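Numbering that gives the first Met the number 0 applies: residue 0 is where the sequence shown begins, and numbers increase by one.
Take a look at the structure set out below.
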Amino acid sequence: MEKKTIRDLEVGGKRVIVRVDFNVPMKDGQVGDPNRIVQALPTIRYLLERNAKVVLLSHLGKVSHKDPQQAEKDIRKNNARPIADVLAKLLSKPVEFCDATRGEVLRKAVESLQPGQILLVQNTRFEKGEEKNDVELAKEWSALGDAYVMDAFGSAHRAHASTYGIPALCNDSGKPTAIGFLVEQEIHALSRCIQADEHPYVAILGGVKVSDKIKVIEGLLKKADRILIGGAMSYTFMKAKGVPVGDSLVEEEQLDFARKCMKEGFEKIFLPLDYTVAERFENPLDVKNTNGPSIPDGYMGMDLGKASIAFFAKQIKGAKVVFWNGPMGVFEQPRFSKGTVGVAKAIANLKGAFSVIGGGDSAAAVAEYGFKDQFSHVSTGGGASLEMIENDGHLPGIDIIASKGA
Ligand code: ADP
Ligand code: MG
């Protein structure tokens, strides 16, 4: 059902909690690529222009609360304060920062906001209850606002206190909830990959996070005409088929699942024909193209081989819808970027196709190699875009938002 958007809200003078995804890469305490902040600007500007009091919540990195010593380290590392400065520059206006994630200090900081002012709250994951969707925490946070806006697409697959607990309580207490412009745009783009009524539909999967990603294959088997599997994910499939993979990365626990997928989708799943391999990851001296898919002992697969690049390009040709997640190789090293670049080029050459790429590293790769503008949509959510396809358009952080007409 269509969700309420911020256009449906009366926000003037109201305290509006906005869950954004400011989980940006940090380097030496500084913000690296600010893309995720930039993507949230339309929603933030819209609210400020209409004199809302804007309260931004986001997580940043991981905080391991199980181990107190590690938690202390994580908290030192994942301080969100530098984000407030970057945001202030982008908005050309002051951004208040509140170092407290709950309690009197936070309440006062929100209370002192004037219409048209903005406050960024410290990393939500500093609170143990965030990832557990602790109800007391959600209560405290929801009391800070008169309305809630979900614009953190990259976090919408997680039912945490800030992505699920707050809007659930808002709904219960009659406070409006809505999606922001970024989430609206993501839903719009991804729905073409979910409805899947344009064909041929080609899905390309790669990267390393096999266990996070492999489940989407089941969903894609029902929608896509061809599923091309490259990157480290492909070694798990090769091994499952009995093809030697040398020392390449394999997720042993996923071998049975890979076998099941290949059985169900034997005519749809396409694996590489050859690989670029090396004897080690760092400073490899011996780099070669295999003859066929099998990788000799003492070598690791690093990228697609020449034949695979041509083969994948051929499978992409003529596609009307393309969904891509995960690089085809260790693209950070230029010598192992050819597979990723080859796939990006094949997609860029399509005429009149709708192409979506999701995943932090995949998006970085197409940006680095200059193909970003040739994609119809670059999703800000890796896991979220995959789960959305897997769950036929549903994500907890979006499902909980009020629907139009409700
Ligand atoms: P995304 O962020 O796009 O979802 P992942 O995080 O799953 O993608 O994977 C990206 C990483 O996968 C990159 O750092 C890349 O170096 C690595 N990778 C891709 N192919 C291989 C491979 N063949 N062997 C090892 N690592 C690989
Ligand atoms: Mg990644």
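Cβ atoms here follow ideal geometry from the backbone N, Cα and C, with glycine treated the same way.
Bear in mind the structure is a predicted one, so any value in this text is a computation, not a measurement.
Environment of the ligand MG, chain-ordered: 359 and 360, taking every residue with Cβ within less than 5 Å of a heavy atom. For the set 217, 271 and 213, the Cα lying nearest the Cα of residue 251 is the one of 213. As for any beta strand (DSSP E) of minimum length 3 sitting wholly inside the stretch 102-151, the runs are 117-120 and 146-149, ordered along the chain. Collapsing the DSSP output to three states places residue 95 in a strand. Apart from sequence neighbours up to five positions away, the residues of its chain that approach residue 299 with a beta-carbon distance below 8 Å are 245, 246, 247, 248, 276, 277, 278, 279 and 280, ordered along the chain. DSSP, read as helix, strand or coil, puts residue 194 in helix. Under DSSP, residue 357 forms a beta bridge with 324. In chain order, 239 place their CB closer than 6 Å to the CB of residue 258, counting only its own chain and leaving out the 5 sequence neighbours on each side. Residue pairing for residue 18: DSSP places it in a beta bridge opposite 56 and 149. The three-state reading of DSSP puts residue 221 in helix, counting H, G and I together. Cβ neighbours of residue 130 within its own chain (closer than 6 Å, five residues either side excluded): 159. CA-CA distance, residue 367 to residue 208, rounds to 21 Å. Restricting attention to alpha helix (DSSP H) runs no shorter than 4 residues, the stretch 354-401 encloses them at 359-367, 382-389 and 395-398, ordered along the chain. In the three-state reduction of the DSSP assignment, residue 261 falls in the helix class. Just measuring C-alpha positions, the residue of 263, 185 and 189 sitting nearest residue 216 is 263. By the neighbour-count criterion, in which 16 or more other beta carbons inside 10 Å mark a residue as buried, residue 318 falls on the buried side.
Listed as beta-bridge partners of residue 269 by DSSP are 227.
In the displayed model, residue 296 falls within coil according to three-state DSSP, outside both helix and strand. Shown here, residue 203 sits in a strand according to DSSP, grouped into three states. When DSSP reads this structure, residue 288 sits in a beta bridge with 275. Annotated three-state conformation of residue 27 is coil, per DSSP. In terms of Cβ geometry, residue 50 and residue 62 do not form a close pair [threshold 9 Å].
The Cβ atoms of residue 361 and residue 205 sit closer than 9 Å to each other. Taking 8 Å as the upper bound for CB-CB distance, residue 110 and residue 378 are not in contact here, some 36 Å apart. Around residue 66, the same chain offers no residue with a beta carbon nearer than 6 Å, after the five sequence neighbours per side are excluded.
In the displayed model, residue 343 falls within a helix according to three-state DSSP. In this structure, residue 330 has its CB closer than 8 Å to one or more heavy atoms of the ligand ADP. In this structure, the CA atom of residue 155 is about 24 Å from the CA atom of residue 223. Under a 10 Å Cβ-count criterion, residue 285 is classified as exposed, with fewer than 16 other Cβ atoms of the shown protein chains found around its own Cβ. Cα atoms of residue 392 and residue 152: separation of roughly 13 Å, rounded to the nearest angstrom. Residue pairing for residue 178: DSSP places it in a beta bridge opposite 4 and 149. For residue 209, the enclosing alpha helix (DSSP H) has its first and last residue at 209-212. Note that the stretch 393-403 touches the stretch 173-182; at least 3 beta-carbon pairs, one per stretch, sit closer than 8 Å.
Within its own chain, the residues whose Cβ lies closer than 8 Å to the Cβ of residue 167, once the five positions on either side in sequence are excluded, are 137 and 399, listed in chain order. In this structure, the CA atom of residue 171 is about 25 Å from the CA atom of residue 387.
For residue 149, the Cβ stays outside the 8 Å cut-off from all heavy atoms of the ligand ADP.
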